[in-house]
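Undergrad: According to the working numbering, the sequence shown is numbered sequentially starting from 1.
Here a beta-carbon is modelled for each residue, glycine too, at the ideal position from N, C-alpha and C.
Okay, here's the structure, questions in a sec.
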Amino acid sequence: MRVSLIISTYNRPDALFRVLESIELQTQIPDEIIIADDGSDYKTKECVEKFNRSSTLKLTHSWQQDKGFRVAESRNKAIAKSTCDYLILIDGDVILHNKFIEDHLNHAEKGFFVQGSRVFLSKETTIRVLKAGLSKFHLFSKGLNNRKNLIYLGFFSKLFVKKKNYIKGIKTCNLAFYRKDCVEINGFNNDMIGWGREDTEFVVRLLNSG
Numbered sequence: 001m002r003v004s005l006i007i008s009t010y011n012r013p014d015a016l017f018r019v020l021e022s023i024e025l026q027t028q029i030p031d032e033i034i035i036a037d038d039g040s041d042y043k044t045k046e047c048v049e050k051f052n053r054s055s056t057l058k059l060t061h062s063w064q065q066d067k068g069f070r071v072a073e074s075r076n077k078a079i080a081k082s083t084c085d086y087l088i089l090i091d092g093d094v095i096l097h098n099k100f101i102e103d104h105l106n107h108a109e110k111g112f113f114v115q116g117s118r119v120f121l122s123k124e125t126t127i128r129v130l131k132a133g134l135s136k137f138h139l140f141s142k143g144l145n146n147r148k149n150l151i152y153l154g155f156f157s158k159l160f161v162k163k164k165n166y167i168k169g170i171k172t173c174n175l176a177f178y179r180k181d182c183v184e185i186n187g188f189n190n191d192m193i194g195w196g197r198e199d200t201e202f203v204v205r206l207l208n209s210g
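As structure tokens, then:
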């Protein structure tokens, strides 16, 4: 199954660069990578172009004019450019575990979307990673919040998967679904402008569609 990785970003080329580095280390490289850019200045474009010159990854930069927080429309434009069966959405400051894509595909199932989790880095740890490069974190590393999400269970994670129809904890920083399911509900709602809940509204319509 072919997979698109869609990365939302806005004026954080330093973080985006580290995210792209983590994609290079994946055990399974996504078939296409689309940057959903909600109006960043030229520095993000330069970051994407620099990475395209130096990496085997090939990025598509989907940009729209900066008219305030319009991440729903930005994601829709990126999804429209995608060509793959399965879509994984992340935020532009989410550094990926090296089996992130592989694990998402192992958990993909017809009739379901997948909500993943994340670990938060402290401000000091974030600054260090942005300056010095990617780090390997373990359960007792300093500068981590909600560190239980760092526990990697691999194959056994399926024993702890919960299949539930509720919207608590929905967030597009780590969300995956089949492209056809997204198209059937007409994607994200472009009328939702400003920060927050466009992801919840999207998922409510997925649930209502069955």
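1) Out of Gly196, Leu207, Gly194, state which residue places its alpha-carbon closest to the alpha-carbon of aspartate 181.
2) When DSSP builds the beta bridges, which residues end up paired with aspartate 41?
3) Tell me which residue opens and which closes the beta strand (DSSP E) that isoleucine 193 is part of.
4) Please report the distance separating the alpha-carbon of asparagine 76 from that of phenylalanine 160.
5) Is the beta carbon of isoleucine 33 closer than 7 Å to that of leucine 16?
6) Between the alpha carbons of tyrosine 166 and serine 117, how many angstroms are there, rounded?
7) Mapping the DSSP letters down to three states, classify valine 48 as helix, strand or coil.
8) According to DSSP, simplified to helix, strand and coil, what is leucine 119?
9) Taking C-alpha atoms, which residue in Val48, Asn11, Ser4, Ala78 lies nearest to asparagine 190?
10) What did DSSP end up calling asparagine 106 once you bin it into helix, strand or coil?
11) What are the boundary residues of the alpha helix (DSSP H) that isoleucine 185 is part of?
12) By Cβ distance below 7 Å, which residues in the same chain neighbour leucine 130 in space, the five residues on each side in sequence not counted?
13) From glutamate 198 to methionine 192, what does the alpha carbon distance come to, in whole angstroms?
14) Mind checking whether histidine 97 and alanine 176 have CB atoms under 7 Å apart?
15) Going by beta carbon distance, what residues of the same chain come within less than 6 Å of threonine 200, once the five residues before and after it are set aside?
16) Count the other CB atoms within 10 Å of the CB of serine 8; is the residue buried (16 or more) or exposed (fewer)?
17) According to DSSP, what are the bridge partners of isoleucine 33?
18) Does any residue of chain C have a CB that is nearer than 7 Å to the CB of glutamine 115?
19) I believe isoleucine 119 touches asparagine 149 by the beta-carbon criterion, under 8 Å. Please report the beta-carbon distance rounded to the nearest angstrom.
20) I need the boundaries of the beta strand (DSSP E) containing isoleucine 88, first residue and last residue.
21) Measure the C-alpha to C-alpha separation of cysteine 84 and glycine 187 and round it to an integer number of angstroms.
TA: Let me spell this out:
1) Against the sequence shown, residue 181 aligns to sequence position 181. Ranking the options by Cα distance to aspartate 181, first place goes to Leu207.
2) Taking the first residue of the sequence shown as 1, we reach residue 41 at position 41. Under DSSP, no beta-bridge partner is assigned to aspartate 41.
3) Along the sequence shown, one-based indexing puts residue 193 at 193. Unbroken run through isoleucine 193: none, as it is neither H nor E.
4) Position 76 of the sequence shown, counted from the first residue, corresponds to residue 76. Position 160 of the sequence shown, counted from the first residue, corresponds to residue 160. Whole-angstrom Cα-Cα distance: 31 Å.
5) Locating residue 16 in the sequence shown gives position 16, counting from the first residue. Locating residue 33 in the sequence shown gives position 33, counting from the first residue. In this structure, isoleucine 33 does not lie closer than 7 Å to leucine 16 by Cβ.
6) Taking the first residue of the sequence shown as position 1, residue 166 is located at position 166. Taking the first residue of the sequence shown as position 1, residue 117 is located at position 117. Taking the straight line from one Cα to the other gives about 16 Å.
7) Taking the sequence shown and counting its residues from 1, one reaches residue 48 at position 48. The answer is helix: DSSP assigns valine 48 an H, G or I state.
8) Position 119 of the sequence shown, counted from the first residue, corresponds to residue 119. Inspection of the sequence shows that residue 119 is occupied by valine rather than by leucine. Correct three-state label for valine 119: coil.
9) In the sequence shown, counting from the first residue as 1, residue 190 sits at position 190. Of Val48, Asn11, Ser4, Ala78, the residue nearest in Cα terms is Ala78.
10) Position 106 of the sequence shown, counted from the first residue, corresponds to residue 106. Asparagine 106 falls in the helix class under three-state DSSP.
11) Taking the first residue of the sequence shown as position 1, residue 185 is located at position 185. Careful: isoleucine 185 lies outside any alpha helix (DSSP H) and carries neither H nor E.
12) Mapped onto the sequence shown, residue 130 falls at position 130. Same-chain partners within the cutoff: Asp14, Ala15, Arg18.
13) Position 198 of the sequence shown holds residue 198. Position 192 of the sequence shown holds residue 192. The alpha-carbon atoms of glutamate 198 and methionine 192 are separated by roughly 6 Å.
14) Counted from its first residue, the sequence shown places residue 97 at position 97. Counted from its first residue, the sequence shown places residue 176 at position 176. No; because the gap between Cβ atoms is not below 7 Å, this pair is not in contact.
15) On the sequence shown, residue 200 is found 200 positions in, with the first residue counted as 1. These residues qualify, in order along the chain: Ile167, Ile170.
16) The residue labelled residue 8 in the question sits at position 8 within the sequence shown. Serine 8 is buried by the Cβ-count criterion.
17) Translated into the one-based positions of the sequence shown, residue 33 becomes position 33. Answer by DSSP bridge pairing, in chain order: Leu5, Leu59.
18) Of the protein chains in the structure, only one exists, and it is not chain C.
19) Working through the sequence shown from its first residue, we reach residue 119 at position 119. Working through the sequence shown from its first residue, we reach residue 149 at position 149. As written in the sequence, residue 119 is valine, which differs from the isoleucine given in the question. With a Cβ gap of about 5 Å, valine 119 and asparagine 149 count as contacting.
20) Taking the first residue of the sequence shown as position 1, residue 88 is located at position 88. From DSSP, the beta strand (DSSP E) with isoleucine 88 extends over 86 to 91.
21) In the sequence shown, residue 84 corresponds to position 84, counting from 1. In the sequence shown, residue 187 corresponds to position 187, counting from 1. Cα-Cα distance, rounded: 15 Å.
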